[in-house]
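Protein chains in written order, with the working numbering: chain X, 2 to 174; chain F, 2 to 174.
Beneath this line is the structure, given in structure tokens, with notes to follow.
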DNA sequence: CCATAATTGTCACTAAGTGTCAATATCGGC
DNA sequence: GCCGATATTGACACTTAGTGACAATTATGG
């Protein structure tokens, strides 16, 4: 991550990363199957945290309220300092290949969250996922993405939760 | 496209495509800067059609209604037969790298459509895009994506416009 | 201490994408 | 039709991501 932030994502080679980590290039590829995974790998775990938070909410709670509450789980991950988070976010939104992988991660979050939303809608679980649940989860994550991008563009000004609420209000208002 | 549909996206090399097109590999890269562009390139033009359709609607019309009407512009593009469209869609949703690029295309559509939605919200145009307009456009395109994926998974059964309406209803209901 | 299994490194390879420069085609003026 | 300027194309070499195969090294357990 240090090399990425210093030199940019594309300008940093796997060779350099391997050298900095004191391992061979081949071993690096065993830990991270793609370069994008080095940046985005930890986001899969974050998705699991959101899933757990969502499943901890009462099933009687409406989908949007439950999702809003579950996404708060992201805020209390103190893994990175604010300026580091901002640097990573700027790289993420400024690097096409990373942005694309970021969407892929979003898809995996979607798969994790859809079953629970489906429960809240009282839908039958057979015959593939319910499009309504998919639409709700996908749009909630889209709102989170819009909020995060706005937050990033303004250099970390404002509250992310509030930006998310504004996005949701615009969509559902 | 024929080679992609016959062999799959990843299994088809730029060398093969160049040979089939009767040009050199280097020239192929001049027409399409990435392999994904060969599949998704034409979608940028489709975005322009949606933009034009959106701008043709009265500005007094609410955002969601205008977007719903503008997206109809996609349906009347008779460029591809239904089964060909289905084949392409299946490849798109089944190939990770294509799926990612597809999202990138969605971002470009977003940029095209946001200014008009911003007008409808009566927002000031200065100081970057309005997050509310971004959220609305992004979620509309997300609903279109969910609808398209559902349509693809069911082998082209059902009406895409209807699936879109159902997705929107679930989100805004 | 040794046999076995897991991890790592080395080497070779495919394929995407880029830079350079010469060859070839295209086009406007005469 | 001819010619000089201008795009377009091809050939070649190169970097880098990612993969496969196999040897070397390092735990691990009895």
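All residues carry an ideal CB built from backbone N, CA and C; glycine is no exception.
Since we're looking at a predicted model, the values are computed, not measured.
Could you give the C-beta distance for residue i and residue j, rounded to a whole number, given that I count them as a contact under 8 Å?
i, j, result
"residue 54(F)", "residue 74(F)", "4 Å"
"residue 19(F)", "residue 4(F)", "In fact, because the Cβ distance is near 11 Å, the residues do not count as touching under 8 Å."
"residue 145(X)", "residue 49(X)", "Rounded, the Cβ-Cβ distance is 16 Å, inconsistent with contact."
"residue 114(F)", "residue 138(F)", "5 Å"
Report the residue from the options whose alpha carbon sits nearest the alpha carbon of residue i.
i, options, result
"residue 140(X)", "65(X), 71(X), 113(X) and 82(X)", "65(X)"
"residue 155(F)", "91(F), 106(F) and 39(F)", "91(F)"
"residue 99(X)", "40(X), 19(X) and 31(X)", "40(X)"
"residue 152(F)", "8(F), 34(F), 44(F) and 164(F)", "164(F)"
"residue 60(F)", "25(F), 119(F) and 11(F)", "119(F)"
"residue 16(X)", "9(X), 8(X) and 25(X)", "25(X)"
"residue 108(F)", "31(F), 44(F) and 12(F)", "44(F)"
Between the beta-carbon of residue i and the beta-carbon of residue j, is there less than 8 Å?
i, j, result
"residue 150(X)", "residue 94(X)", "yes"
"residue 124(F)", "residue 136(F)", "no"
"residue 132(X)", "residue 105(F)", "no"
"residue 51(F)", "residue 110(F)", "yes"
"residue 117(X)", "residue 62(X)", "no"
"residue 172(X)", "residue 147(F)", "no"
"residue 67(X)", "residue 27(X)", "no"
"residue 37(F)", "residue 82(F)", "no"
"residue 88(X)", "residue 6(X)", "yes"
"residue 143(X)", "residue 35(F)", "no"
"residue 70(F)", "residue 58(F)", "yes"
"residue 33(X)", "residue 23(X)", "no"
My parser needs the alpha helix (DSSP H) runs of 4 or more residues fully inside the segment 28–105 of chain X; what are they? When DSSP assignments are scanned along the segment 28–105 of chain X, the uninterrupted stretches of alpha helix (DSSP H) that are 4 or more residues long and fall wholly within it turn out to be 36–57, 64–76 and 83–95.
Return the chain-ordered ranges of every alpha helix (DSSP H) run that is complete within the segment 112–173 of chain F and spans a minimum of 4 residues. Fully enclosed alpha helix (DSSP H) runs of 4 or longer: 132–154 and 161–173.
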